[in-house]
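Undergrad:
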Amino acid sequence: MNIQMVDLKRQYQKIKPEIDSAIQEVLDSTQFIQGKKVNEFEKAAADYLGVKYAVGVANGTDALQIAMMALGIGKDDEVITTPFTFVATTETIVMIGAKPVYVDIDPVTYNIDVKKIKEKITPRTKAILPVHLYGNPAEMDEILSIAKDYNLFVIEDSAQGFGAEYKGKKVCSFGDVACISFFPSKNLGCYGDGGMVVTNNEEIHEKVRMIANHGSKVRYVHERLGMNSRLDALQAAILNVKIKYIDEWNNKRIQNAKLYSERLKDVKQVITPTYPEYSKHIFHQYTIKVENRDDLQKFLTSKNIPTAIHYPVPLHLQPAFRGFAEEGSLPYAEEAAKKVLSLPMHPDLEIEEIDYITNSIKEFHS
Ligand SMILES: Cc1ncc(COP(=O)(O)O)c(C=O)c1O
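Residue numbers (the working numbering): 3 to 368.
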């Protein structure tokens, strides 16, 4: 058995003719930056997500930075966010001169605990930045309601949430702006780096487009500080093919997650993912919580089962971001970092593989 955490080879083999011909088309056109393929994909993504505007950028990290720049967030501003996420969420806040203000996570969903947001709001707070961690939507109703009461922006970090739904509506369509990553292992991934900023607000859209293109609308006229962050045509061509399959792939992930949870339900040492029935969790990761995580991980490695820890160190304890919150002040994030373990998850996972993985977890606990 050759189990992969994410099996991009299996996926590519299934759609190879379409992908190869899309790439060949770009090569033949020699239109590598901007152009038809990028426009087509921006339209396809906006339509799929139910938003008005989509701007392809170089990666999800840039998407976050550009979104915050477009909202005018900068020096000494505060952005409320979660410490339990990939580094990019905090890194970009610090990069633009603002301060991440961490709210602990809900220990069940691992998303920002909306009950604890209000107490962290100060006159300097400019935005709330929730992450739809592992593909599980954050509690958007409460976040939007707090943002409205305190006049704050909402920036959705939807790097892991393409296709996830909250109360029947796609995530990415709730905030003032949402940021997406198309890193190859994401649910919708390209074959290199790629990202996107989406919004329903025309003014934000214009600013995002300008910032991503050196602060320029008209060639060689630079109206504001910007950067070079573009989705290239080869990646857009690949994403144009893959977006047609995203619902099918996400649904297979959901089926696989159900199988995992069903097979693990009697293993009392293992806490399987929980999410509200009004959410469509698209299982970018299938992440369990266990007391003796490191020993279980070693055992699974010995059985040729790859696993990953998302994330082993919460961001307030990372050397580069010390000083934004004390150790011990965000106990659920700190606990999760010690106990979570992501199991292999992708649409092409076979039932026999899930059986082998779950039987191995049972064997470890027997
Ligand atoms: C939650 C989150 N935010 C942001 C990013 C950054 O995306 P990228 O790797 O495309 O820069 C990632 C990527 O892993 C992520 O998981």
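Glycine is no exception: its CB is placed at the ideal position from the N, C-alpha and C atoms.
Quantities reported herein were computed from a predicted structural model and do not represent experimental measurements.
#1: Let me make sure I understand the geometry here. Which of D108, A129, A100 has the alpha-carbon closest to that of F86?
#2: Ignoring anything shorter than 4 residues or poking outside the region 98-162, list the alpha helix (DSSP H) runs there in chain order.
#3: Verify the contact flag: N61, CB atom, against every heavy atom of ligand 1, threshold strictly below 8 Å.
#4: Please classify L29 as buried or exposed, where buried requires at least 16 neighbouring CB atoms within 10 angstroms.
#5: In the DSSP assignment, what are the bridge partners of N230?
#6: So who's on the other strand from L345, going by DSSP bridges?
#7: Determine the closest residue to D64 out of P132, C181, Q162, F155, with distance taken between C-alpha atoms.
#8: Label L236 either buried or exposed according to how many other C-beta atoms from any shown protein chain fall within 10 Å of its C-beta, with 16 as the threshold for buried.
#9: Just how far apart, CA to CA, sit I245 and I130?
#10: Select from T289, Q36, I5, V110 the residue whose C-alpha is nearest the C-alpha of N215.
#11: Could you tell me if the beta carbon of C174 falls within a distance shorter than 8 Å of some heavy atom in ligand 1?
#12: May I ask you to check if the CB of K244 is nearer than 8 Å to at least one heavy atom of ligand 1?
#13: What three-state label does DSSP hand H312 in the structure shown?
#14: Could you work out which residue in D9, T92, V243 is closest to D159 when comparing CA atoms only?
#15: Please determine, among K300, S175, H318, the residue with the shortest C-alpha to C-alpha distance to P308.
#16: Say yes only if the C-beta of L10 is nearer than 8 Å to one or more non-hydrogen atoms of ligand 1, and no if none qualify.
#17: Rounded to whole angstroms, what is the Cα-Cα separation between I21 and L241?
#18: Are three or more beta carbon pairs between the region 168-184 and the region 51-71 nearer than 8 Å?
#19: Taking 8 Å as the threshold, find out whether the region 73-83 comes into contact with the region 122-140 through three or more Cβ pairs.
#20: I want to know whether the region 247-263 touches the region 188-199 - three or more CB-CB distances under 8 Å.
#21: Excluding the 5 residues flanking K118 on each side, which residues of the same chain have their C-beta closer than 8 Å to its C-beta?
#22: Is A259 near ligand 1, with its Cβ less than 8 Å from a heavy atom?
#23: Write down the C-beta distance between V53 and N202 rounded to the nearest angstrom, noting that I regard them as a contact closer than 8 Å.
#24: One question on the structure: do P346 and I359 come within less than 9 Å of each other, judged by their Cβ atoms?
#25: Under 8 Å, with one C-beta from each stretch per pair, do the region 41-61 and the region 193-200 reach the 3-pair mark?
#26: Mind checking F34: buried by the 16 CB within 10 Å criterion, or exposed?
#27: Round the Cβ separation of C174 and L343 to the nearest angstrom and send it over; I've been treating them as touching at under 8 Å.
#28: Per DSSP, what are the beta-bridge partners of K282 in this structure?
#29: CB H348 to CB D9, shorter than 9 Å?
#30: Name the residue from N361, E293, E355 whose alpha carbon lies nearest to the alpha carbon of N4.
#31: In whole angstroms, what is the alpha-carbon distance linking L317 and F323?
#32: Kindly examine ligand 1 and report whether one of its heavy atoms sits closer than 8 Å to the Cβ of V200.
#33: If you reduce the DSSP assignment to three classes, tell me which class Y277 lands in.
TA: Looking at the atomic coordinates:
#1: Along the sequence shown, read from residue 1 onward, the residue named residue 86 stands at position 84. Comparing Cα-Cα distances from F86 to each of D108, A129, A100, the minimum goes to D108.
#2: 142-152
#3: Within the sequence shown, the letter at position 59 stands for residue 61. Yes, the Cβ of N61 comes within 8 Å of a heavy atom of ligand 1.
#4: Position 27 of the sequence shown, counted from the first residue, corresponds to residue 29. The residue in question, L29, is exposed, as its Cβ has fewer than 16 Cβ neighbours within 10 Å.
#5: For this step, residue 230 is matched to residue 228 along the sequence shown. Paired residue(s): N215.
#6: Here residue 345 refers to the residue found at position 343 when the sequence shown is read from its first residue. In the DSSP output, where bridge partners are listed per residue, L345 has Y288.
#7: The residue labelled residue 64 in the question sits at position 62 within the sequence shown. Nearest C-alpha to D64: C181.
#8: By 1-based counting over the sequence shown, the position of residue 236 is 234. L236 is buried by the Cβ-count criterion.
#9: For this step, residue 245 is matched to residue 243 along the sequence shown. For this step, residue 130 is matched to residue 128 along the sequence shown. Their Cα atoms are separated by approximately 28 Å.
#10: As a position in the sequence shown, residue 215 is number 213, starting the count at 1. Comparing Cα positions, the closest option is Q36.
#11: Taking the first residue of the sequence shown as 1, we reach residue 174 at position 172. Not under cutoff, so the answer is no.
#12: Along the sequence shown, read from residue 1 onward, the residue named residue 244 stands at position 242. K244 Cβ: outside cutoff for every heavy atom of ligand 1.
#13: What you label residue 312 is simply residue 310 of the sequence shown in a count that begins at 1. DSSP places H312 in coil when its eight states are reduced to three.
#14: Within the sequence shown, residue 159 is the residue found at index 157, counting from 1. Minimum Cα distance to D159 is reached at T92.
#15: One-based indexing of the sequence shown puts residue 308 at position 306. Nearest C-alpha to P308: K300.
#16: To locate residue 10, count along the sequence shown from 1; it is residue 8. No, the beta carbon of L10 sits no closer than 8 Å to any heavy atom of ligand 1.
#17: For this step, residue 21 is matched to residue 19 along the sequence shown. For this step, residue 241 is matched to residue 239 along the sequence shown. I21 and L241: Cα-Cα distance of roughly 9 Å.
#18: yes
#19: yes
#20: yes
#21: By one-based count along the sequence shown, residue 118 stands at place 116. These residues qualify, in order along the chain: V105, D106.
#22: The residue given as residue 259 occupies position 257 in the sequence shown. A259 Cβ: outside cutoff for every heavy atom of ligand 1.
#23: Along the sequence shown, one-based indexing puts residue 53 at 51. Along the sequence shown, one-based indexing puts residue 202 at 200. Contact flag correct, Cβ pair sits at about 5 Å.
#24: By one-based count along the sequence shown, residue 346 stands at place 344. By one-based count along the sequence shown, residue 359 stands at place 357. Closer than 9 Å, so yes.
#25: yes
#26: Numbered from its first residue, the sequence shown carries residue 34 at position 32. That one is exposed.
#27: Looking up residue 174 in the sequence shown gives position 172. Looking up residue 343 in the sequence shown gives position 341. 28 Å between Cβ atoms; not a contact.
#28: Numbered from its first residue, the sequence shown carries residue 282 at position 280. K282 pairs with E167.
#29: Taking the sequence shown and counting its residues from 1, one reaches residue 348 at position 346. Taking the sequence shown and counting its residues from 1, one reaches residue 9 at position 7. Against a cut-off of 9 Å, the Cβ pair of D9 and H348 comes out as a contact.
#30: Your numbering for residue 4 matches position 2 in the sequence shown. That would be E355, whose Cα lies nearest to the Cα of N4.
#31: In the sequence shown, residue 317 corresponds to position 315, counting from 1. In the sequence shown, residue 323 corresponds to position 321, counting from 1. Roughly 7 Å separates the two Cα atoms.
#32: As a working mapping, residue 200 is identified with position 198 in the sequence shown. Answer for V200: no, Cβ out of range of ligand 1.
#33: Residue 277 sits at position 275 when you count from the first residue of the sequence shown. Looking at Y277 - three-state DSSP - the assignment turns out to be coil, as it is neither helix nor strand.
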